[in-house]
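Residue numbers (our numbering): 1 to 118.
Cβ coordinates follow ideal geometry from the N, Cα and C atoms, glycine included.
Reviewing the structure listed below.
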Amino acid sequence: MLLLTGGIAGSEAAARIEPTALRRRLENALAIRMLTLSSDEFPLLSPQDVSSVRVPTLLMAGAQTPPIHDTVFRNLCAVMTQAEVHRIPSAGHSAARDNPTEFNRLTLDFLKRQGLMD
1 MLLLTGGIAG SEAAARIEPT ALRRRLENAL AIRMLTLSSD EFPLLSPQDV SSVRVPTLLM
61 AGAQTPPIHD TVFRNLCAVM TQAEVHRIPS AGHSAARDNP TEFNRLTLDF LKRQGLMD
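As structure tokens, this is what we get:
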């Protein structure tokens, strides 16, 4: 799990992982194993399919998101031109955990503007 964490969030993050977070990741190990054994673990979703989404969409990523996830985020933003996009400061791949105040503010503001909250 430390190797996985290092690959996603960087070796510094892996070295700082809290025991409770490591335990949660270990609990997900079976699901991760099943995903890796799947013959179609990531079914193709074409850029055309993604760009045809017409519901209000909020895309958020941490400002310090690791390069692999940042590439996915930028490509998603490029095809979802109708989406509202935000970079969360002082946050990486786990933006909701890294900067919950800003993540929650952006999410609640978005939901209010969509008429989904008072």
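According to DSSP, is residue i part of a helix, a strand, or is it coil?
i	result
R97	helix
I17	coil
A61	strand
N28	coil
P67	helix
Which one or two residues does DSSP pair with residue i in a beta bridge?
i	result
R55	Correcting the residue identity first, residue 55 is Val in this sequence and not Arg. In the DSSP output, where bridge partners are listed per residue, V55 has none listed.
R87	A61
Below 7 Å CB to CB, which residues in the same chain sit around residue i once its five sequence neighbours on both sides are set aside?
i	result
P43	none
M80	V50, S51, V53, T57, L59
H95	Sequence check: residue 95 is Ala here, not His. Answer for A95: M60, A61, G62, I88, F103, listed in chain order.
V55	none
My assumption, with CB atoms under 8 Å, is that residue i sits in contact with residue j. Please give the rounded CB distance.
i	j	result
M60	L106	6 Å
T65	G92	6 Å
Could you name the residues of the same chain whose beta carbon sits closer than 8 Å to that of residue i, not counting the 5 residues immediately before and after it, in chain order?
i	result
M117	L108, L111
C125	Residue 125 cannot be examined here, being either before or after the span of the chain that is shown, 1 to 118.
Expressed to the nearest angstrom, what Euclidean distance is found between the alpha-carbon atoms of residue i and residue j?
i	j	result
F103	R87	9 Å
N75	A83	12 Å
T20	R33	20 Å
R23	R113	38 Å
D40	P67	24 Å
Q48	V85	19 Å
A31	F73	23 Å
Leaving out the 5 sequence neighbours to the left and right, which residues in its chain are closer than 6 Å to residue i when beta-carbon positions are compared?
i	result
S90	N99
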